[in-house]
Structures are given as C-alpha cells and as structure tokens.
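The structure appears below as structure tokens.
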Amino acid sequence: MVRSKRRESLQVSSARFILVVLLLLVVFAAPQPAFSQQTQKESLVKIGPIWLKVSVKVPSELVATNEYEVPVTVTITEVEGDLKVFYLKALRFTVDTSVYEYVPDTPIPLSLGRQAYLSVKLTPRFFASQMAPGDVKDTSLRIDLSYYYEAVPKGGSPIQESGYYSAFTSIPVRVIAPKTYVYVEPYLKIDYEPYVVRFFVDIWVQGEGYIENAQAQVEGAPVQCYLLTTGRMNVNERRTLEFLMNVSKLGPFVKSQYSVQVKVAATTPWGYTYTYVYPLSLSIKPVREAKVSAPSTVVAGAYVPISIALTPPVEKDEQATVTVYWGGQPVYSGSFSPTIYAAFPEGEAQVAVKVDSNKYSPVTSRFTVKSVRVEPKVSLQVTAGTLVVRVSPLYQNSNVDVKVVGSGGAVVFATSLPDASFSKTPTSIDGASAVEGTATLPLSLDPGSYQVVATYNSPWGSKTQTVTYTVPGATAGAQEAPGALFQPIILVAIVAVVAIVIVVVVIRRRRE
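With this note's numbering as the guide, the letters of the sequence shown map in order to residues 562 to 1073.
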C-alpha cells in the first residue's frame, strides 16, 4: 500500500512537472511585444547667471504608428546673483527639418531648487513626416528651451533676457515607418427602374499598422454625396464606399454624357498619403415610357396577345428586344413588335414586360395575370383543293398532324403543322383570353374519295377531327365512261333508221 501511494505521488509530481514545463515553453515561445529602450539624458546648462539641470527620457526607436510621451524635468540648481523671476515658456523639439514646439497653458515659473516637470507627446506627423511606408532612418533629436528671466548678477546690473537655449543638441534615435499598404478597387453598377448609377470604391489595408482615414470623391457626376470617408482602418480591414446617382429622380438635370473622376486618398498616421485617380466616361441612356395592354385572365399554355406602346417610339436604326417574365422567370424573348404573343403557365403570378434597347434605358411594366386550363379544339374545312385547319386555343409548342387516307385505306398524304405555321386571331374561351390559330394547306389529289384526319397535339392533350372529301372529278368521270361506250351504237342505230326510211320511201315510189 505504501509503495502504491508513493508511485501515485511520483506520477502526480511528474505530471505537474511536465505541465509546468509545457506552460513555460508556451510562455517563452509566444511572441513578446517589442518595447523600445529608453534613452535617459541629463544636461547642465547656463543661461546668464542661472544654472539649469535638464533631464529627459527618449525612446531609442520611434515607430510611425505610435505616439510617445517624453518626460522633461528642469531644475534651477544655482544662481550667480539675485534671481527675480524665471519662466520656462516652451520646449522645442527638432528632428531633421521637422519642428514641434510644446507651449504650456501658462509659463512655468522656476526658482532655486524648484523642479518643473513637463510631459510632451511626440506624434508620428512630427518625427516621421517625410517618410514613405517601409522607410527606416537613423537621425537625432534636438531639444531647445524657451525662457524668460530677470536677475541681478553678482557685481552687475539688473538684466532681462528671453530666447531659446539648446539643452540637447543630438540625441540619437531611429525612426521606423511601418509597411502599411493601401489597396483601392473602384467599380460601377447600373440598375434600372429606378434608373440608378452606383459608384463603388473598395478600400483595404495590408502589411503593418493602420491608416487614419481614407476618403473617396466622385467628380463630374451629380451623385447624392460626392465625398465619403472610412475613418481609421487596421491591417486586413476592408471597407466599401457607395455613391448614388439617381437618374430617374434627376430627370431634366441629367445629361447624356459625363466625364467622371473617382479620386481616393488614404492617409497614414505619419501623414503619408496614397492618392488614386480613376477617369471614367459615363454614358446615360435617355428614359422612355412603356404602356402595356394585356388581359388579366388567359388560357394557360396558350399564346396571349400583348400590346406595347413606347414613348418615344422605336427608331429606325434602334435595336430593341422584349422579354416577358412570369413570377420572375423568363417565358418569352424576342425582337420588339407592337404586338407580341406569349404563353404563361397555369396559376396566378406577376408578369413583367421589359423592353431593352441600344439607345434607351430599359423600361418594364408589371401586372398580375391569372391563367386557367382549357380543353383544346380542332376543326377542318376542305374547299377547292385547300385544307383549312383551325385550332382553339393555339397552344405554345403544339402541332397538328394531318394525313389523307384514300378509299383503299392507304395514306396518300401526311404532314405536321407546328404552332409557328398558324396565323393568330384574338379570341375568348370561357372568359379567358387566347388566340385562335388558322393554317391553310393545299391538297393535290387524284379523283376519288378520301378521309382527311387532323390530330391537334397540345400540352393539355390531343384532339382529332376527321372529314370526308371527294375530288370533284371522280363523279364526272364515272358518267362519261358509259356514254363513250354507247356512242358507236347510237351512231349505228341512227344509220339503220335512216336506211330504213330510205328503203320505205323507195318501195312506196315503186308501187306508185
């Protein structure tokens, strides 16, 4: 039992040790934040009869995405005479050609042994103002004191003096501008009804750091707001700016052609600005009106007449097309015509008739249509060697199979008439609008009796109609054949009668 407990204790201790080691590995392996080392400088300066001790702490590296608080301590350590007043008016910092002056709300009075503490914020726009992304430079920082004092030096006359004095002329610093890259992608989208032109600008940041702001501007087009901004954007962040030009509402203010410029400017924390300019030639199509007339109740699957009137009308060299949608699904597409014929599924839905043009903006008319099912019908009429086929209603994707059967049962003629071969006449069937189809077919048949059979194949079933047709020449021929046989007999009979008459006359004369 004791050994078992010892083993368990050792196992627990080993597990704890391994866990601690793993935690230490994780802690030390994790990336640690980089802290810039502080450079502490002290300087003893003499301004007139006054000795000043100036202390400052400055980071050895200045990164252009950060702001730095620089503490400055000023102490009067000795006065060679009598000090009346001493004021610390300002601190001036210089990096290369960039100058920043810190001025407190009120001058800071100093006296012998009294310490003044100032905390100055150095911003990237000061120490990295002329750097591009990715630049690194080693330079120096200079600090000057602005002062005013009144004093009486030992054995001298009272003096008043003000000015600047360099407390530190060269504090080495390294300035780093992060690799902050700004990407821009503009694009255009045009929607109709309402006619709206949308300008989009995608902006995203990659690399390091962030940008303070990005602004996009649209010039040359009557957009609702010509200037939009993003505000601060961090690395891997993406924003989309949208500008609207509502052509439908602008009406008479709209021109047919615009020279547009999309300008984008993105600013880094240290003041570097990315600038993009995208020129664009924008053509605006004029707006037209469409008046569409269509029945509210139609026959499902059958052709329905739809009338379209455009204002202004279609021009001679204009290319216009019509598309009809049933519940958002296209059911018809073709070249523009004042009257088109479309077919709708069974049910009730919103119908949209859209007219597209190469000269005018698209225009759409919407209305609700109910479609009902109707039984198909077919009728035949044969006159003067012509077959007339009528179907009601004329269904889309339908056809009529026609065959002519002779008296002996043989098919002497057969054909199929697609729906496109039928002329269309508006009709109404049980209160539902549709069209009646009519097709003519010449028949060239030999004399005789025939059966003409027509089968109408539609989406809702098939219907068959049969008529009997006799070629007129068959009856006349049957009567002429016996006459031709009896003609010689008649002639012989006539000759015989004449001969008998002559014989009778001759005999009578002899008797006389």
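Glycine residues also receive a C-beta, built at the ideal position from the N, C-alpha and C atoms.
Quick check on the burial criterion: 16 or more other C-beta atoms within 10 angstroms. Buried or exposed for S857? exposed
Which same chain residues end up closer than 6 Å to S894 when comparing Cβ atoms and leaving out the 5 residues on each side of it in sequence? T884
Do P620 and P714 have their C-beta atoms closer together than 8 Å? no
For K810, does the three-state DSSP call read helix, strand or coil? helix
Report the three-state DSSP secondary structure of D917 (helix, strand or coil). strand
In terms of alpha-carbon separation, which member of Y771, A777, S922 and G717 lies closest to I845? S922
Would you call K915 buried or exposed, if buried means 16 or more other Cβ atoms sit within 10 Å of its Cβ? buried
Run through the region 940 to 1002 for me and flag every whole alpha helix (DSSP H) of 4 or more residues, listed as ranges in chain order. none
Can you look up P783 in the DSSP assignment and give me helix, strand or coil? Annotated three-state conformation of P783 is coil, per DSSP.
Using a Cβ-Cβ cutoff of less than 6 Å, which residues in the same chain neighbour R799 once the five nearest sequence positions on both sides are dropped? W765
Do the region 664 to 671 and the region 791 to 807 make contact, defined as three or more Cβ pairs closer than 8 Å? Touching, no, given that fewer than three Cβ pairs across the two stretches are closer than 8 Å.
A863 and A995: beta carbons closer than 8 Å? In this structure, A995 lies closer than 8 Å to A863 by Cβ.
From G674 to T834, what does the alpha carbon distance come to, in whole angstroms? 48 Å
I'd like the span of the beta strand (DSSP E) that includes F654, first residue to last. Note, F654: beta strand (DSSP E), G642 to V656.
Straight-line CA distance for T1029 to T999? Taken atom to atom, the span from the alpha-carbon of T1029 to that of T999 is near 20 Å.
Specify the secondary structure class of P685 as computed by DSSP and reduced to three states. DSSP places P685 in helix when its eight states are reduced to three.
Report yes or no: do three or more beta-carbon pairs, one from the region 650 to 664 and one from the region 696 to 712, lie closer than 8 Å? yes
Could you give the distance in angstroms between the alpha-carbon of T1027 and the alpha-carbon of Y1017? 12 Å
State the beta-bridge partners of D699 as determined by DSSP. DSSP lists R735 as partners of D699.
Nonlocal neighbours in the same chain, by C-beta distance under 6 Å from Q942, ignoring five residues either side: V949
Among V796, A777 and M794, which residue has its Cα nearest to the Cα of L788? A777
For the putative contact between S1010 and S959, defined by C-beta atoms under 8 Å, what is the C-beta separation to the nearest angstrom? The Cβ separation is near 30 Å, so there is no contact.
Using 10 angstroms around the beta-carbon of P747, count the other beta-carbons present and answer buried if the total reaches 16, otherwise exposed. buried
Alpha-carbon spacing of R951 relative to D980, whole angstroms: If you take the alpha carbons of R951 and D980, they lie about 11 Å apart.
Cα-Cα separation between T929 and K938, rounded to whole angstroms: 27 Å
Is the Cβ of A903 closer than 8 Å to any Cβ of chain D? Among the protein chains of the structure shown there is no chain D, as only one such chain exists.
Measure from the alpha carbon of V530 to the alpha carbon of each residue in S918, S896 and G888, then state which is nearest. No answer is possible for residue 530: it lies beyond the span of the chain, which begins at 562 and ends at 1073.
To which residues does DSSP link W887 through a beta bridge? Q890 and V912
P620 lies in the beta strand (DSSP E); which residues open and close that run? Looking at the DSSP string, the run of the beta strand (DSSP E) that includes P620 is I611 to P620.
Between the alpha carbons of E907 and A861, how many angstroms are there, rounded? If you take the alpha carbons of E907 and A861, they lie about 5 Å apart.
Please determine, among T790, L978 and L843, the residue with the shortest C-alpha to C-alpha distance to V1014. L978
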